[in-house]
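What follows is one structure encoded as structure tokens, with my remarks underneath.
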Amino acid sequence: MLGTILFFILALIAILAAIGMLTSTNAVHATLFLVINFTCIALFYLGLNAPFLAMVQITVYAGAIMVLFLFVIMLLGAERVQLNSTLRWQVPLGIVLVVALMVVSAVVLLSPEVSISLPSVAPVAADTQSEGSNYGFGSAQAIGEVLFNRYLLPFEMTGVLLLVAMVGAIVLARDEAGKTIHNLNPQADSESSAAD
Amino acid sequence: MFEETSFLVPTNYYIILSAILFALGVGGVLLRRNAILIFMSVELMLNAANLAFVAFARSMFNLDGQVFVFFVMTVAAAEVAVGLALIVAIFRSKKSIDIDELHSMEG
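Sequences listed follow chains B and C, in order. Using this note's numbering, the first residue of the first sequence is number 3, and each one after it goes up by one. Using this note's numbering, the first residue of the second sequence is number -4, and each one after it goes up by one.
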């Protein structure tokens, strides 16, 4: 019972934070609302026997990714965001579609076919062990065991993916070639213009 | 025993919450015109999917779902890095990140 009450409080905070992000006119406020939402999701992970993922969620999502967002917003000076679109009919249509999606997905997920296939409440307590493992379900050790045995190749692939993303971000975000060097060295700039 | 089970929330609740958060993320993509806010809405959708993954992982008593969430987070981090670099590049050339004004492909 206590767990359910906590769940509803956290769910309310998460949904209100998401709505706050959608309706905010300041990009920095929207980012901070999203941090609240991600922290709520990390707390849900704690309640779902995933303490390792909860910590990763806070460090990677609420920490690193949101700081990256804040960096870009402040770098571009794009804090002010206007709400109104150039297409007037788009806002009511979008709201109708979103409500329809919410209702339909709730109906489908609560339908008896789906509910029967799901074990209603998991028989997992904090100290139970997952099959074939000596460690608690969802602990860092158990995740590591699965990650470095069954999912070793995908794990290596993510390393390559992160390298590609890093190189791509550097290539995309830098100035046009040579521009920065000229600006740092005004003499060379004047020489090149004299040569022109 | 009673104290342990009293903290367990049915998986259905988590799935419904995940559906609501996902729909809100879709609404952000549909309604907002700012590229950065659209990106944040995509992150919201990814997190809703992650929540469903973890809920199903507990329900099925299987760690694969949690490992998959780990991979989704990695891909999301890479996607954000590249996407924000793209936004910076677009802002340099167009002086705006309003996607309504980005209807030409010329640089």
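For every residue, glycine included, the Cβ atom is placed at its ideal position computed from N, Cα and C.
For the segment 80 to 97 of chain C, the residues whose beta carbon sits under 7 Å from a beta carbon of chain B are, in order, Ala80, Leu81, Ile82, Val83, Ala84, Phe86, Ile92, Asp95. In chain order, Leu12, Ile15, Ala16 place their CB closer than 6 Å to the CB of Cys42/B, counting only its own chain and leaving out the 5 sequence neighbours on each side.
Beta-bridge annotation (DSSP): Arg82/B is paired with Asn28/B. In this structure, Tyr47/B is the residue among Ala32/B, Val30/B, Tyr47/B, Val37/B with its C-alpha nearest to the C-alpha of Thr6/C.
Secondary structure of Asn29/C (DSSP, three-state): strand. When DSSP states are grouped into helix, strand and coil, Asp93/C belongs to the strand group.
Contact annotation: in the segment 44 to 65 of chain B, residues whose CB is within less than 8 Å of a CB in chain C are Phe46, Tyr47, Gly49, Leu50, Asn51, Ala52, Phe54, Leu55, Val58, Gln59, Val62, Tyr63. Listed along chain B are Phe46, Tyr47, Leu50, Ala52, Leu55, each with a C-beta nearer than 8 Å to that of Val49/C. Contacts with chain B at 8 Å (Cβ-Cβ) include Val21/C.
According to the DSSP assignment, Met3/B belongs to no alpha helix (DSSP H), since it is labelled neither H nor E.
In the three-state reduction of the DSSP assignment, Gly140/B falls in the coil class, being assigned neither a helical nor a strand state. With contacts defined as CB atoms closer than 8 Å, Asn39/B and Arg82/B fail to qualify as a contacting pair. In terms of beta-carbon proximity, Val4/C lines the interface with chain B, with at least one pair separated by less than 8 Å. The beta-carbon of Ser107/B is placed less than 8 Å from the nearest beta-carbon of chain C. For the options Asp59/C, Met35/C, Ile85/C, the alpha carbon positioned closest to that of Gly22/B is the one of Met35/C. By the Cβ neighbour-count rule, Leu39/C is buried, with 16 or more other Cβ atoms within 10 Å of its own. Contact of Tyr153/B with chain C by beta-carbon distance below 9 Å involves Asp59, Val62, Phe63, Phe65, Phe66.
Contacts with chain C (Cβ-Cβ distance below 8 Å) from the segment 20 to 46 of chain B involve Ala20, Ile21, Met23, Leu24, Ala29, Ala32, Thr33, Leu36, Asn39, Phe40, Ile43, Phe46, listed in chain order. By the criterion of at least three beta-carbon pairs nearer than 8 Å, the segment 158 to 174 of chain B is in contact with the segment 65 to 74 of chain C. CA-to-CA, the gap between Ser113/B and Ser107/B works out to about 10 Å. Phe86/C and Ala18/C have their alpha carbons spaced roughly 29 Å apart. Between Leu26/C and Ala43/C, the C-beta spacing is not below 8 Å. DSSP places Ser107/B inside the alpha helix (DSSP H), whose first and last residues are 92 to 112.
In the DSSP assignment, Leu58/C falls outside any alpha helix (DSSP H), carrying neither H nor E. With a beta-carbon spacing of about 6 Å, Leu36/B and Met68/B fall inside the 8 Å limit used to define contacts. For Met40/C, there are no C-beta contacts with chain B under 7 Å, since the nearest C-beta of that chain is about 10 Å from it.
In its chain, beyond the 5 residues on either side, Ile92, Asp93, Ile94 have a beta carbon closer than 8 Å to the beta carbon of Asn29/C. Val30/B and Leu18/B have their C-alpha atoms some 17 Å from each other.
Inclusion of Val64/C and Tyr153/B in the CB contact set at 8 Å is not warranted, their separation being larger than that value.
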